[in-house]
Amino acid sequence: MDIQYPLELVGTFVFAISGALAVRDREHDLFGAGFTGFITAIGGGSLRDILLGAYPLVWIGDVNFLYAIFAGILLAFIFPSALLKLRKTMFLFDTLGIGFFTVLGVEKAMSLGVRPEIAAIMGMFSAVMGGVIRDTLTNEIPILFRKEIYASACLAGAILYLVLNYFGLARDYNMLISIST
Amino acid sequence: MDIQYPLELVGTFVFAISGALAVRDREHDLFGAGFTGFITAIGGGSLRDILLGAYPLVWIGDVNFLYAIFAGILLAFIFPSALLKLRKTMFLFDTLGIGFFTVLGVEKAMSLGVRPEIAAIMGMFSAVMGGVIRDTLTNEIPILFRKEIYASACLAGAILYLVLNYFGLARDYNMLISIST
Amino acid sequence: MDIQYPLELVGTFVFAISGALAVRDREHDLFGAGFTGFITAIGGGSLRDILLGAYPLVWIGDVNFLYAIFAGILLAFIFPSALLKLRKTMFLFDTLGIGFFTVLGVEKAMSLGVRPEIAAIMGMFSAVMGGVIRDTLTNEIPILFRKEIYASACLAGAILYLVLNYFGLARDYNMLISIST
Numbered sequence: 013m014d015i016q017y018p019l020e021l022v023g024t025f026v027f028a029i030s031g032a033l034a035v036r037d038r039e040h041d042l043f044g045a046g047f048t049g050f051i052t053a054i055g056g057g058s059l060r061d062i063l064l065g066a067y068p069l070v071w072i073g074d075v076n077f078l079y080a081i082f083a084g085i086l087l088a089f090i091f092p093s094a095l096l097k098l099r100k101t102m103f104l105f106d107t108l109g110i111g112f113f114t115v116l117g118v119e120k121a122m123s124l125g126v127r128p129e130i131a132a133i134m135g136m137f138s139a140v141m142g143g144v145i146r147d148t149l150t151n152e153i154p155i156l157f158r159k160e161i162y163a164s165a166c167l168a169g170a171i172l173y174l175v176l177n178y179f180g181l182a183r184d185y186n187m188l189i190s191i192s193t
Numbered sequence: 013m014d015i016q017y018p019l020e021l022v023g024t025f026v027f028a029i030s031g032a033l034a035v036r037d038r039e040h041d042l043f044g045a046g047f048t049g050f051i052t053a054i055g056g057g058s059l060r061d062i063l064l065g066a067y068p069l070v071w072i073g074d075v076n077f078l079y080a081i082f083a084g085i086l087l088a089f090i091f092p093s094a095l096l097k098l099r100k101t102m103f104l105f106d107t108l109g110i111g112f113f114t115v116l117g118v119e120k121a122m123s124l125g126v127r128p129e130i131a132a133i134m135g136m137f138s139a140v141m142g143g144v145i146r147d148t149l150t151n152e153i154p155i156l157f158r159k160e161i162y163a164s165a166c167l168a169g170a171i172l173y174l175v176l177n178y179f180g181l182a183r184d185y186n187m188l189i190s191i192s193t
Numbered sequence: 013m014d015i016q017y018p019l020e021l022v023g024t025f026v027f028a029i030s031g032a033l034a035v036r037d038r039e040h041d042l043f044g045a046g047f048t049g050f051i052t053a054i055g056g057g058s059l060r061d062i063l064l065g066a067y068p069l070v071w072i073g074d075v076n077f078l079y080a081i082f083a084g085i086l087l088a089f090i091f092p093s094a095l096l097k098l099r100k101t102m103f104l105f106d107t108l109g110i111g112f113f114t115v116l117g118v119e120k121a122m123s124l125g126v127r128p129e130i131a132a133i134m135g136m137f138s139a140v141m142g143g144v145i146r147d148t149l150t151n152e153i154p155i156l157f158r159k160e161i162y163a164s165a166c167l168a169g170a171i172l173y174l175v176l177n178y179f180g181l182a183r184d185y186n187m188l189i190s191i192s193t
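Protein sequences appear in the order of chains R, Z and E. For the first sequence, my numbering begins at 13 and goes up steadily by one. For the second sequence, my numbering begins at 13 and goes up steadily by one. For the third sequence, my numbering begins at 13 and goes up steadily by one.
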């Protein structure tokens, strides 16, 4: 898919921004924000690939993801107030990103030959575990447990994707968005 | 072993129940309870297999484990008060499950050719790390640090198993129980 | 390298001591201290190898690391007050160990053919993630977020190492020390 690869990079970029901003709220410095942005961006996909034994991990095999993450972190650090003003837009992108990575996670798991039930869980993990790991490291109750609706939507989206399987990515992706929002 | 496979499924089922109940105590909803039950049930074994590089992970290769987990979570959600009344029985099963998974973990590690010292640690990890990950995610001090006796018993059981190695599973499994209780 | 292997064992030993002492401060018993010392000692390297898919993990393939860890834990448990008096010396060793494991992590990642940008991150992970996992399990804000200077120094050291690449380990290792302190 020609459009998928740039979308993955953009999604990673957005996750890095939101991860770095989450920490800024609580007065850490560049390195802390960077570390958290990095973990948020790679955590979900890395966990999925480690569980599936799918090596090399995406961001280790393709350095462009690292650049997307660094760009996101720097942007979050240099223009935090501008980005906080754009919070609504950011939230929309974050939600789109989550839906997108859910579908990607399901597809990747399916392509490795696992059962659809497992693939649905992998899709959800890809999308939400980055945030869970971030919250665990920063010693917060993961948002997952505070706003479960968000992860349930991912799981619902993943299952929906499997039901609609082969009716096309675009269509079911739209549905995902409508569920998530 | 004919009896081992159903026992593994039952053990996974019991772990999922106790994981899901742990969260219910603190007023989460179905999704939160399910997520925690799931992590508790798969965490220890997954960590063991990831450390050993033993792919595919058990629950990814065999969907029956997933069904056992879902059954446990649903049961915990539908009949929480009945299960809480059965707490003593549950605790017994949990303890049996922990002893059982310790031995299984040791055996699996040995079959992959690692040294017995490493296998003992893998046995303990299989049994206790699901609970440690659960407690970490829900932002509690892992019970491991509060009631160390419990993990020490696993390690003692694992070492005992290795000492008794080849004297038969049944015998040493009984001993494990007596240690754990 | 003839000197590298004993240094790795000594570094692992020192990490186990500092991990076990960190818990002692807060009144856990031998098992809790041992568990934490163990996680601190193996955490960073294990995470690096899991991310890189480099199996078997070092401490699983070579039981000497396990013995070094046990020796460190026992020492920390038997002579805590003597070790606490030696805190300054310990801190120096800890810092040296961190610098040393950073360089080792970078080298290992490079030898597996990943890009230098990724290798720098792997070097930092090897050195600091053991402590991050320890702090997360014991429910503290990881020291990484409180004293970022420490992890920044690792990353800087890793990058420096890559820049100086092939000018020899000894030289750049000295520089690392000067940065870290």
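In this text, a Cβ means the ideal position worked out from N, Cα and C, and glycines have one as well. Note that this is a predicted model, so its numbers are computed, not measured.
Asked	Found
Presumed contact (8 Å Cβ cut-off) between Leu124/Z and Leu64/Z, rounded CB distance	6 Å
Three-state secondary structure assigned by DSSP to Leu124/R	coil
Alpha helix (DSSP H) segments (min. 4 residues) lying fully within the segment 73–115 of chain R	76–90, 92–97
Ile145/R versus Ala121/R, Phe47/R, Pro128/R, residue with shortest Cα-Cα distance	Phe47/R
Residue-level contact to chain Z via CB, Ile29/E, 9 Å cutoff	no
Any C-beta of chain Z under 9 Å from that of Pro92/E	no
Cβ pair Ile250/R, Ala28/R closer than 9 Å	Because chain R in this structure spans residues 13 to 193, residue 250/R falls outside the shown range and cannot be described.
Where the alpha helix (DSSP H) containing Thr196/Z begins and where it ends	Limits of chain Z in this structure are 13 at one end and 193 at the other, which puts residue 196/Z out of reach.
Reduced DSSP secondary structure (H/G/I, E/B, other) of Leu69/R	coil
CA-to-CA distance, Ala53/E to Asn76/E, given in whole angstroms	13 Å
Minimum C-alpha distance to Leu59/Z - residue among Thr150/Z, Met136/Z, Asp147/Z	Met136/Z
Stretch pair the segment 91–104 of chain E + the segment 91–98 of chain Z: three plus CB contacts closer than 8 Å	no
Contact under 9 Å by Cβ, Ile62/E with Ile62/R	yes
Phe25/Z versus Thr114/R: straight-line alpha-carbon distance, rounded	27 Å
C-beta neighbour in chain E for Ile130/Z, strict 9 Å	yes
Ile110/Z classed as buried or exposed, judged by whether at least 16 other C-beta atoms fall within 10 angstroms	buried
Alpha carbon of Ile85/E to alpha carbon of Ala132/Z, nearest angstrom	17 Å
Interface positions of the segment 69–100 of chain E facing chain Z (Cβ-Cβ less than 7 Å), listed along the chain	Leu69, Ile72, Val75, Leu78
Cα-Cα separation between Phe105/E and Val118/E, rounded to whole angstroms	20 Å
Supposed close pair Gly56/Z, Val140/Z - CB separation, criterion 8 Å	6 Å
Gly73/Z vs Gly142/Z beta-carbon contact at 9 Å	no
Secondary structure of Thr24/E, DSSP reduced to three states	helix
Nearest-angstrom Cα separation, counted from Thr150/Z out to Leu149/R	12 Å
Member of Pro18/R, Pro68/R, Glu20/R whose CA lies at the smallest distance from the CA of Ala121/E	Pro68/R
Contact check, Leu42/Z vs Phe89/Z, beta carbons under 9 Å	yes
Among Gly49/R, Lys100/R, Thr101/R, Ala34/R, nearest to Ala83/R - alpha-carbon criterion	Gly49/R
Straight-line Cα distance separating Met134/E from Ile51/R	13 Å
Exposed unless 16 or more other CB atoms sit within 10 angstroms - verdict on Phe103/E	exposed
Cβ of Arg146/Z within 9 Å of any chain E Cβ	no
Helix, strand or coil at Thr148/E according to DSSP, with G and I counted as helix	helix
Alpha-carbon to alpha-carbon, Gln16/R and Val126/E	24 Å
Same chain, Cβ closer than 7 Å to Leu78/Z, neighbours up to 5 away in sequence not counted	Trp71
7 Å Cβ shell around Leu21/Z - same chain, five flanking residues per side excluded	Asn76, Phe77, Ala80
Neighbour list for Ile62/Z in chain R, Cβ cutoff strictly below 8 Å	Ile62, Leu63
Alpha-carbon spacing of Leu33/R relative to Thr101/R, whole angstroms	14 Å
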